[in-house]
Every structure is written in structure tokens, then in C-alpha cells.
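Enquirer: Below is a structure I'd like to ask you about.
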Amino acid sequence: MSSRAKKGLITDWWWSVDRWFLAAFLILMIGGMVLSFAASPPVAEKIGLEPFHFVKRHALFLFPSIAVMLATSLLTPRGIRRMSIVMLAASLVIMVMALFFGMEVKGARRWMDFGPLTVQPSEFMKPAFVVVCAWLFAERSRRPDVPGNLFSIMLLLVVTALLVAQPDLGQTILTAATWSCMFFMAGLSWVWIVMLGGIGMVGFLGAYTVFPHVASRIDRFLTGEGDTYQVDTAREAILSGGWLGQGPGEGTIKRMLPDSHTDFAFSVIAEEFGIVSCMALAAVFCFVVLRGLTIAFSQRDTFNRLAISGLVMLFGLQSIINMAVNLHLMPAKGMTLPFISYGGSSMMAVAISAGFVLALTRKRAENVSQTDRLVERTLAFQVPHPAR
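Taking the working numbering, the leading residue of the sequence shown gets -9, the next gets one more, and so forth.
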């Protein structure tokens, strides 16, 4: 065990990192690996691959993701800003390239093929976008002459335009919702709230009118008519699991789910490990969000406060969307469950987000809250001075 007295990069990191966050992220990563053994073999066999094809690829991305998370957690807030600017610029360029040269899957161009690797740039765009917007909002708060809010709105328009062009309405909603939460925490006025709410409603109606697949999914959700095979099968898997589940590898309904290893991994958890396990998993996601917001609100630095809040909100909203689709509480939308679902780009991008959170919540002199400083002053005042 490292001693506090020893100085060094790793030692300083160990004594300053939030170990509750670290434990929660590692639990989710390991849980995703365990679930891969249960959810992916039926899908691999169905498409003619060897049973553990997706398990091996999941493990192949798991260890680099852990390494990336730990390496990113060593960064300073300035290093995080610089990395995010570069990552955001690269992601936007690749998103534009994907529209013209990317792989087309089910009518969408969201992926770029780089030899053995297939990258979904929008996954890496999200954490970088959150950090850059947090920096813009913080600069506007620190220096009113800097048009940070205007720049963040322009950046949001660019990002949403690229996402809609793919099209990827789910990521568009997730990104816009996270940005709105950050803008609210940055202190926007009620005029902005009304305007953004109106723009959101117009955008929703426009998507329903312009994109047939969006209208079809919403209609199927509201009426229950049409092709509802996946959501009905997912709900049946959840119900068949009961409280304690059928047991590892004993699920049968999962074999009928085309996307059991990605979008509907939560249903496989319910069938094989039970509703109790699903509640425990949801509790871990809830813990990450609540702890993140609690720490964020105690930060003295505006950038840290907004960046931490935005990152955990992004993490939480994506989790809610995935679980809500599995429970048939919202229209079907392909979105991974962070660290749990199969997907190299998703796992690596979420690992970067987790690394950012670990880095920004580390105990530094500039991160000590006003409450902590008040407690220190009170204790110092109460300690009796030695007699002279």
C-alpha cells in the first residue's frame, strides 16, 4: 500500500482519487463482461459466428478501456479541456466523413471503417462536447464579455445537424437534453427556458413529420400496432425472470432477441439474474449520478462543477433511455447501456467519460469546497493554543 508520505504520480493519484466512483465504474465494467457470456453467444450463432465471438471482442475492448479510464483520470482540468477540444474536432471531422464514406447500416451512416476497427465517432463526440460546453459556460460566467453561451449554442447546432443527418435521433435527444441541463445549471433565464422548450417541441414535431421510421416507432409505442417484436420479446424476458431469474445461461427467450447483446442487454439480465439484479444495477447507475451531482455542487470552480454535472447527467440519461426502452416505457431506440452493452466505441467513449469524472473529482487544493474550508477554520479556532 502506498504511503501518504511518499511523493509520486501514482501515489498522489491513489490518495486523491474518489474510490467510490472508481469502484462503481469497475463494477459496471466487470458486470458487462459477465453479461457478455450470457447475452452474446445466441446472437453470434444466429449470424453464423462461433459462439464466443462477441465475448472475445468484448474482452478485447475491456482492458484497453480500463487503461484509458485510469490514464485519463491522471489529467488536470486544463489537460481535460485540451484533450476534449482535440477529441471534439476529430469526432466532428469523422462524423462528416461518415456521411459520405461511412458504412451504411439500416439506412444510417454512423460508422467509419478503419481497417480492423469500426468507429462510431458520435460516441466520442459526446463527452468532449460536454467538457467544451462546460468550459464555454464557465468562461461566460467568469468574463461576461466572452460570448460563451452563444458559442455553445452554435456548437450544439453543428452537433445536432450532423446527428440528424446520419440520422441518429436518439443521440440527438440525449446530447440536447444534457446540454440543456448544463445550460440550466449555468444560470439561464426563464426566457431561454421557454425558448428552448419551444424549439425542442418544434424539433420533435419536425422529426415525426420528416423521418418515417421515427413516426413509425412512436405510433407503435402509442398504439401497440405494427412490428413490436423486439420490445414484446424483451418484456416477456423480463417477466419470465421473476425476482431471482432463471439462472446463468438458463434463459431461453433471450435467444429470440436480435439485439440481446447491445440494446436489450437489460432484458437478458432480468431473465437470467432476476429483477433484484436489475434493481441493483440501476442503483449503481443512480449512485454514480447522485454522487457526481453532490460533488459537483460543492466545487468552487465553475468549470469543474458544470463538467462533472454534465458528464454524470450524460451517463445517467443514456442509462435511463436504454432501461426505459427495455421496459417499454418509451419508443424503441438503439442506445447502449454504459459499460454493460457490447460495443467497442461505446465502451471506450464511456471509459473516457469515467476518466474525466475521476480526474475532475480528485481532491486538489482548488477543489476544496467552501464547507470544508469553514470546517477547517472552525476546528483551528477551537484548538487551544499552548501556554507561552
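Think of the CB as a built atom: it goes at the ideal place given N, C-alpha and C, for glycine as much as any other residue.
Look at the alpha carbon of Phe277 and the alpha carbon of Phe11, and state the distance between them as a whole number of angstroms.
Expert: Here the question's residue 277 lines up with position 287 in the sequence shown. Here the question's residue 11 lines up with position 21 in the sequence shown. If I take the Cα positions, the gap works out to 9 Å.
Enquirer: Around the C-beta of His48, are 16 or more other C-beta atoms found within 10 angstroms, so that it is buried, or is it exposed?
Expert: Taking the first residue of the sequence shown as 1, we reach residue 48 at position 58. So His48 counts as buried.
Enquirer: Less than 8 Å between the CB atoms is what I'm expecting for Met102 and Met115, so what's the real figure, rounded?
Expert: Sequence index remark: in the sequence shown, residue 102 carries index 112 (1-based). Sequence index remark: in the sequence shown, residue 115 carries index 125 (1-based). With 8 Å as the limit, Met102 and Met115 do not qualify as a contact, their Cβ atoms being about 13 Å apart.
Enquirer: Can you tell me whether Val340 is buried or exposed, with buried defined as 16 or more other CB within 10 angstroms of its CB?
Expert: Position 350 of the sequence shown, counted from the start, is the residue given in the question as residue 340. Val340 should be labelled buried.
Enquirer: Indicate the three-state DSSP secondary structure (helix, strand or coil) for Leu153 in the structure shown.
Expert: As a first step, residue 153 is located in the sequence shown; it is residue number 163 there, counting from the start. If DSSP states are grouped into helix, strand and coil, Leu153 belongs with the helices.
Enquirer: Excluding the 5 residues preceding and the 5 following Ile259 in the sequence, name in chain order all residues of the same chain whose CB lies nearer than 7 Å to its CB.
Expert: Looking up residue 259 in the sequence shown gives position 269. Excluding positions up to five away in sequence, the list reads Leu25, Ser267, Cys268, Leu271.
Enquirer: Can you tell me whether Thr108 is helix, strand or coil according to DSSP?
Expert: On the sequence shown, position 118 is the one that residue 108 refers to. In this structure, Thr108 counts as strand in the three-state DSSP scheme.
Enquirer: Report all residues from its chain with a CB closer than 7 Å to the CB of Leu234; omit the five preceding and five following residues, and keep chain order.
Expert: The residue labelled residue 234 in the question sits at position 244 within the sequence shown. Within the same chain, Leu234 has close Cβ partners Gly264, Val266.
Enquirer: At what residue ranges does the region 147 to 221 contain a whole run of the alpha helix (DSSP H), taking only runs of 4 or more?
Expert: As far as the region 147 to 221 is concerned, its whole alpha helix (DSSP H) runs of at least 4 residues are 159 to 175, 180 to 200, 202 to 213.
Enquirer: In the DSSP output, what is Trp101 paired with across the bridge?
Expert: Within the sequence shown, numbered from 1, the residue matching residue 101 stands at position 111. Met93, per the DSSP bridge assignment.
Enquirer: Find the nearest neighbour of Val154 within the set Ala98, Phe256, Ala124, judged by alpha-carbon distance.
Expert: Taking the sequence shown and counting its residues from 1, the one referred to as residue 154 is at position 164. Answer by Cα proximity: Ala98.
Enquirer: Do you know offhand how far Phe91's Cα is from Ser288's?
Expert: Sequence index remark: in the sequence shown, residue 91 carries index 101 (1-based). Sequence index remark: in the sequence shown, residue 288 carries index 298 (1-based). Taking the straight line from one Cα to the other gives about 46 Å.
Enquirer: By the DSSP assignment, the alpha helix (DSSP H) with Ala322 in it spans what residues?
Expert: Residue mapping note: residue 322 aligns to position 332 of the sequence shown, counting from 1. Careful: Ala322 lies outside any alpha helix (DSSP H) and carries neither H nor E.
Enquirer: What does the alpha-carbon distance come out to for the pair Leu60 and Val302?
Expert: Residue 60 sits at position 70 when you count from the first residue of the sequence shown. Residue 302 sits at position 312 when you count from the first residue of the sequence shown. Straight-line Cα distance between these residues: approximately 17 Å.
Enquirer: Take Ile243 as the anchor and find which of Phe119, Leu178, Met144, Ala29 has the nearest alpha-carbon.
Expert: Within the sequence shown, residue 243 is the residue found at index 253, counting from 1. Minimum Cα distance to Ile243 is reached at Ala29.
Enquirer: Between the alpha carbons of Leu212 and Phe53, how many angstroms are there, rounded?
Expert: Here residue 212 is taken as the residue at index 222 of the sequence shown, counted from 1. Here residue 53 is taken as the residue at index 63 of the sequence shown, counted from 1. Their Cα atoms are separated by approximately 42 Å.
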